[in-house]
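Engineer:
There are 2 protein chains.
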Amino acid sequence: MSTHTNLQTFLQDRKPLVEDKLYSYMENVDAPSVLVESMKYSLKAGGKRLRPLLVLATLHSFGKNEELGLPVACAIEMIHTYSLIHDDLPSMDDDDFRRGKPTNHKVYGEAMAILAGDALLTYSFEVMESLLEKGVTPSKVLMLVKELTKAAGPSGMVGGQVADMEGEGAQLLLEDLEYIHRNKTGKLLGYSIYAGAVLADASDDQLSMLSEFSDHLGLAFQIRDDILDIEGEAEKIGKPVGSDTQNEKVTYPALLTMEGAKEKLNHHIEEAKKLLKSLPLESDLLAQLCDLIAKRDH
Amino acid sequence: MSTHTNLQTFLQDRKPLVEDKLYSYMENVDAPSVLVESMKYSLKAGGKRLRPLLVLATLHSFGKNEELGLPVACAIEMIHTYSLIHDDLPSMDDDDFRRGKPTNHKVYGEAMAILAGDALLTYSFEVMESLLEKGVTPSKVLMLVKELTKAAGPSGMVGGQVADMEGEGAQLLLEDLEYIHRNKTGKLLGYSIYAGAVLADASDDQLSMLSEFSDHLGLAFQIRDDILDIEGEAEKIGKPVGSDTQNEKVTYPALLTMEGAKEKLNHHIEEAKKLLKSLPLESDLLAQLCDLIAKRDH
Numbered sequence: 262m263s264t265h266t267n268l269q270t271f272l273q274d275r276k277p278l279v280e281d282k283l284y285s286y287m288e289n290v291d292a293p294s295v296l297v298e299s300m301k302y303s304l305k306a307g308g309k310r311l312r313p314l315l316v317l318a319t320l321h322s323f324g325k326n327e328e329l330g331l332p333v334a335c336a337i338e339m340i341h342t343y344s345l346i347h348d349d350l351p352s353m354d355d356d357d358f359r360r361g362k363p364t365n366h367k368v369y370g371e372a373m374a375i376l377a378g379d380a381l382l383t384y385s386f387e388v389m390e391s392l393l394e395k396g397v398t399p400s401k402v403l404m405l406v407k408e409l410t411k412a413a414g415p416s417g418m419v420g421g422q423v424a425d426m427e428g429e430g431a432q433l434l435l436e437d438l439e440y441i442h443r444n445k446t447g448k449l450l451g452y453s454i455y456a457g458a459v460l461a462d463a464s465d466d467q468l469s470m471l472s473e474f475s476d477h478l479g480l481a482f483q484i485r486d487d488i489l490d491i492e493g494e495a496e497k498i499g500k501p502v503g504s505d506t507q508n509e510k511v512t513y514p515a516l517l518t519m520e521g522a523k524e525k526l527n528h529h530i531e532e533a534k535k536l537l538k539s540l541p542l543e544s545d546l547l548a549q550l551c552d553l554i555a556k557r558d559h
Numbered sequence: 262m263s264t265h266t267n268l269q270t271f272l273q274d275r276k277p278l279v280e281d282k283l284y285s286y287m288e289n290v291d292a293p294s295v296l297v298e299s300m301k302y303s304l305k306a307g308g309k310r311l312r313p314l315l316v317l318a319t320l321h322s323f324g325k326n327e328e329l330g331l332p333v334a335c336a337i338e339m340i341h342t343y344s345l346i347h348d349d350l351p352s353m354d355d356d357d358f359r360r361g362k363p364t365n366h367k368v369y370g371e372a373m374a375i376l377a378g379d380a381l382l383t384y385s386f387e388v389m390e391s392l393l394e395k396g397v398t399p400s401k402v403l404m405l406v407k408e409l410t411k412a413a414g415p416s417g418m419v420g421g422q423v424a425d426m427e428g429e430g431a432q433l434l435l436e437d438l439e440y441i442h443r444n445k446t447g448k449l450l451g452y453s454i455y456a457g458a459v460l461a462d463a464s465d466d467q468l469s470m471l472s473e474f475s476d477h478l479g480l481a482f483q484i485r486d487d488i489l490d491i492e493g494e495a496e497k498i499g500k501p502v503g504s505d506t507q508n509e510k511v512t513y514p515a516l517l518t519m520e521g522a523k524e525k526l527n528h529h530i531e532e533a534k535k536l537l538k539s540l541p542l543e544s545d546l547l548a549q550l551c552d553l554i555a556k557r558d559h
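Chains as they are written, first to last, in the numbering used here: chain A, 262 to 559; chain B, 262 to 559.
So this is what it looks like as structure tokens:
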């Protein structure tokens, strides 16, 4: 029995909440001003704020107070932002633009961009500590910190980035591609939902179902990304169309044909929605999110 | 009333303990093999293991079980190692050798070196969680994590690195130089002692005295480093003599003359030793450490 909250309204409404909190955490940073500026530059460069909003949407779906999720939401966004700064570096993807704006190293130089990334990553763990002020028990905070390091570190996002790099120009199988995406983008997306659910006191069974849900959602997200790289509009996606092909990245359409990729996308979306039906959620926000990801144009 | 443990014997004896534990943590990392190799390469590149040994020496000085400090000791060494990998990058100090061996990016390339650093930093926070298995309370673990993020992040080590970079080729005052060193190297050294003392259940007064002690020790360490860069032997210090001058780094001898720098070094060592006398320590390890730092040749 689920009440209706419009997802677009929810996202529009909560985005400023996340961003205000994100910027307010930056006010507490006692560091050389150019470093703080460089960190803020990338944090303020916009984006969908998908990961933090997933934390809030999950809490909302369980009928819990979303405020509780803001520290985790901000920590995740800082980690996501650091990963983009480092990914864009000349020795990595060598991107000059991100979301239509010059990348961090184009503005602050390579050394500062590396350090701004390092600083955001480290600071994100300090931000996690403010969960304590919201009454979350120390044990739960530590569990959330531990899962965050797994999702973001060598066995998660960083490992996925390495596999992605190693895979460039190579012949990959579907399982290699899925390994890359599960780790490079999937685990941090999945963690966002996990963290929301843990804060909402979800049971182990529910967490395990949500983990399957996240897996489908993450893969769907990435397939849609690959499709957009071919069919999207440069202006909306904020980077040139066809940049994956140019960077010799293996994509779903390349492996499965465009039709096969779209079928796979639908499969994951349907599976994700099926799982949601078994959960005691008080709103259909996550189901609407599935549709949004399937159809997003940026 | 302090018993005598010879510091050199202590360091030689405990170094393999720290290194074994450090490498054993790496066995648990589930990640692409080239990433794990790159992380291990720099972790195994040697070094004095000063920071982890400080954790153990502090616990020993309070008459406590040193084993308790191994997770923090390893986490700190991982963070120290990541900072060296990033510092050596072409866009930073552009060093080809570290401790007589090719730097990480010379072996694995720039992109992998950046990611190995990111992975070590993230993983260090996962390592901190194993304090729980040693019976440390969740609240204490969280306090230790929080102080680690402060020592290593923008308000500590990363901030110091930025200030150091910004200061290259500029006219610096003594207070600017001290800001750089307090943050770039001092805070992580100080944290090592702090963590050992917290695990040894030191009182707030004792922690505050030890913090002053660490401040003197950290500055002394850096002054000695600057002196070695001019008077040391390349073979022993593992890098070319005079590289600071070549990199236009402001040093203590440049600011204070060599004689002034040596006086300053002695001053900090004396102050540090004075503070130790007020502490209920069961061995004079930390006092011997002061002498070691004052006279070290690498």
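Glycine included, every Cβ here is placed at the ideal spot set by N, Cα and C.
1. Below 7 Å on C-beta distance, what does Thr364/B contact in chain A?
2. For a cutoff of 9 Å on Cβ pairs, would you count Asp545/B as touching chain A?
3. Ordered along the chain, which non-local residues of its own chain (more than five positions away) have a Cβ less than 7 Å from that of Ile441/B?
4. Pull out every residue of the region 290-323 of chain A whose Cβ sits closer than 8 Å to any Cβ of chain B, in chain order.
5. Hey, quick one: how far does the alpha helix (DSSP H) through Thr319/A stretch, first residue to last?
6. Going by beta-carbon coordinates alone, are Leu392/B and Val333/B separated by less than 9 Å?
7. Pick helix, strand or coil for Ser416/A, following the three-state DSSP scheme.
8. Please confirm if Tyr455/A has its CB atom under 9 Å from at least one CB of chain B.
9. Would Ala306/B and Thr342/B be called neighbours here (beta carbons separated by less than 9 Å)?
10. For Ser453/B, which of helix, strand or coil comes out of DSSP?
11. In terms of residues, what are the limits of the alpha helix (DSSP H) holding Ala334/A?
12. Apart from the five residues on each side of it in sequence, which residues of its chain come closer than 8 Å, Cβ to Cβ, to Ser539/A?
13. Just the C-alpha distance for Glu327/A and Glu338/A, rounded to the nearest angstrom, thanks.
14. When the Cα of Ser303/B is compared with those of Gly457/B, Val419/B and Leu376/B, which residue comes out closest?
15. Looking at Thr506/A and Asp486/A, is the spacing between their C-beta atoms short of 9 Å?
16. Are any of the Cβ atoms in chain B nearer than 9 Å to that of Pro630/A?
17. Excluding five sequence neighbours on each side, which residues of the same chain lie with their C-beta closer than 8 Å to the C-beta of Lys510/A?
18. With DSSP run on the structure shown, which of helix, strand or coil describes Thr264/A?
19. Between the Cα of Thr264/B and the Cα atoms of Lys301/B, Lys448/B, Asp558/B and Leu542/B, which residue gives the shortest distance?
20. If you follow the alpha helix (DSSP H) that Met300/B is part of, which residue opens it and which one closes it?
21. Can you pull the DSSP bridge partners for Ser475/B?
22. Pick out whichever of Pro277/B, Ile340/B and Ile346/B has its Cα sitting closest to the Cα of Lys367/B.
23. Quick one: residues in its chain with C-beta nearer than 6 Å to the C-beta of Gly330/B, no 5 flanking neighbours on either side, listed in chain order?
24. In terms of DSSP beta bridges, what is Arg557/B paired with?
25. Buried or exposed for Met262/A, please, with buried defined as at least 16 other CB atoms from any protein chain shown within 10 angstroms of its CB.
26. Please report the distance separating the alpha-carbon of Phe482/A from that of Glu288/B.
27. Quick check for students: name the residue ranges of the alpha helix (DSSP H) that lie wholly in the region 364-421 of chain B, counting only runs of 4 or more.
28. Let me see if you follow: with CB-CB separation under 9 Å, is Ser352/B close to chain A or not?
29. Could you name the residues that DSSP lists as bridge partners for Ser544/A?
30. Mind listing which residues of the region 423-454 of chain A have their C-beta closer than 7 Å to chain B's C-betas, in chain order?
31. Where does Gly521/B sit, in a helix, a strand or coil, going by DSSP?
32. Measure from the C-beta of Val459/A to each C-beta in chain B and report whether the shortest distance is under 9 Å.
33. In the DSSP assignment, find the unbroken alpha helix (DSSP H) run with Glu509/A in it and report its ends.
34. 9 Å is my cut-off, CB to CB: does Tyr384/B come that close to chain A?
Structural biologist: By the coordinates alone:
1. Residue mapping note: residue 364/B aligns to position 103 of the second sequence, counting from 1. None at all; the shortest Cβ gap to chain A is about 14 Å.
2. Position 284 of the second sequence, counting from 1, holds the residue named residue 545/B. Not one chain A Cβ lies under 9 Å of Asp545/B.
3. Here the question's residue 441/B lines up with position 180 in the second sequence. So the list reads Gly421, Ala424, Asp425 and Gly428, once near-sequence residues are dropped.
4. Contact annotation: in the region 290-323 of chain A, residues whose CB is within less than 8 Å of a CB in chain B are Val290, Asp291, Ala292, Pro293, Val295, Leu296, Val297 and Met300.
5. Position 58 of the first sequence holds residue 319/A. From DSSP, the alpha helix (DSSP H) with Thr319/A extends over Leu311 to Ser322.
6. By 1-based counting over the second sequence, the position of residue 392/B is 131. By 1-based counting over the second sequence, the position of residue 333/B is 72. Remark: C-beta atoms of Leu392/B and Val333/B approach each other more closely than 9 Å.
7. Taking the first residue of the first sequence as position 1, residue 416/A is located at position 155. It is coil, neither helix nor strand.
8. For the purposes of this step, residue 455/A is taken as the residue at position 194 of the first sequence. Answer no: the Cβ-Cβ gap between Tyr455/A and chain B never drops below 9 Å.
9. Taking the second sequence and counting its residues from 1, one reaches residue 306/B at position 45. Taking the second sequence and counting its residues from 1, one reaches residue 342/B at position 81. Taking 9 Å as the cut-off, the Cβ atoms of Ala306/B and Thr342/B count as close.
10. Within the second sequence, the letter at position 192 stands for residue 453/B. Residue state for Ser453/B is assigned as helix, using DSSP reduced to three classes.
11. Position 73 of the first sequence, counted from the start, is the residue given in the question as residue 334/A. Looking at the DSSP string, the run of the alpha helix (DSSP H) that includes Ala334/A is Leu331 to Asp348.
12. Numbered from 1 along the first sequence, position 278 holds the residue referred to as residue 539/A. The residues are Met470.
13. Stepping through the first sequence from its first residue, residue 327/A is reached at position 66. Stepping through the first sequence from its first residue, residue 338/A is reached at position 77. Spanning the two alpha carbons is a distance of roughly 16 Å.
14. The count along the second sequence starts at 1 and reaches residue 303/B at position 42. Closest option to Ser303/B, judged by alpha-carbon separation, among Gly457/B, Val419/B and Leu376/B: Leu376/B.
15. The residue given as residue 486/A occupies position 225 in the first sequence. The residue given as residue 506/A occupies position 245 in the first sequence. Taking 9 Å as the Cβ cut-off, Asp486/A and Thr506/A do not qualify as a contacting pair.
16. Nothing about residue 630/A can be read from this structure; chain A reaches only from 262 to 559.
17. For the purposes of this step, residue 510/A is taken as the residue at position 249 of the first sequence. Asp425, Gly428 and Glu429.
18. The residue given as residue 264/A occupies position 3 in the first sequence. Thr264/A: strand per DSSP, three-state reduction.
19. Taking the second sequence and counting its residues from 1, one reaches residue 264/B at position 3. Comparing Cα-Cα distances from Thr264/B to each of Lys301/B, Lys448/B, Asp558/B and Leu542/B, the minimum goes to Leu542/B.
20. The count along the second sequence starts at 1 and reaches residue 300/B at position 39. First-last of the alpha helix (DSSP H) with Met300/B: Ser294 to Leu304.
21. Within the second sequence, residue 475/B is the residue found at index 214, counting from 1. Per DSSP, none; premise fails for Ser475/B.
22. Numbered from 1 along the second sequence, position 106 holds the residue referred to as residue 367/B. Ranking the options by Cα distance to Lys367/B, first place goes to Ile346/B.
23. What you label residue 330/B is simply residue 69 of the second sequence in a count that begins at 1. Taken in chain order, the residues that qualify are Val316, Leu317, Leu320, Gly457 and Leu460.
24. Here the question's residue 557/B lines up with position 296 in the second sequence. Within the DSSP secondary-structure output, Arg557/B pairs in no beta bridge.
25. Working through the first sequence from its first residue, we reach residue 262/A at position 1. Low local confidence applies: a pLDDT of 49 at Met262/A is under 50, so the model's placement there is unreliable, with the coordinate-based value given in what follows. It counts as exposed.
26. As a first step, residue 482/A must be located in the first sequence, where it is residue number 221. As a first step, residue 288/B must be located in the second sequence, where it is residue number 27. Their Cα atoms are separated by approximately 32 Å.
27. Fully enclosed alpha helix (DSSP H) runs of 4 or longer: 365-369, 371-389 and 399-413.
28. Taking the second sequence and counting its residues from 1, the one referred to as residue 352/B is at position 91. Answer yes: the Cβ-Cβ gap between Ser352/B and chain A drops below 9 Å somewhere.
29. Position 283 of the first sequence, counting from 1, holds the residue named residue 544/A. Answer by DSSP bridge pairing, in chain order: Thr264/A.
30. Taking 7 Å as the Cβ-Cβ cut-off against chain B, the residues of the region 423-454 of chain A that qualify are Val423, Ala424, Met426 and Glu427.
31. On the second sequence, residue 521/B is found 260 positions in, with the first residue counted as 1. The answer is helix: DSSP assigns Gly521/B an H, G or I state.
32. On the first sequence, residue 459/A is found 198 positions in, with the first residue counted as 1. Chain B, which has no Cβ nearer than 9 Å to the Cβ of Val459/A, makes this no.
33. Numbered from its first residue, the first sequence carries residue 509/A at position 248. In the DSSP assignment, Glu509/A falls outside any alpha helix (DSSP H) and carries neither an H nor an E.
34. Mapped onto the second sequence, residue 384/B falls at position 123. At least one chain A Cβ lies under 9 Å of Tyr384/B.
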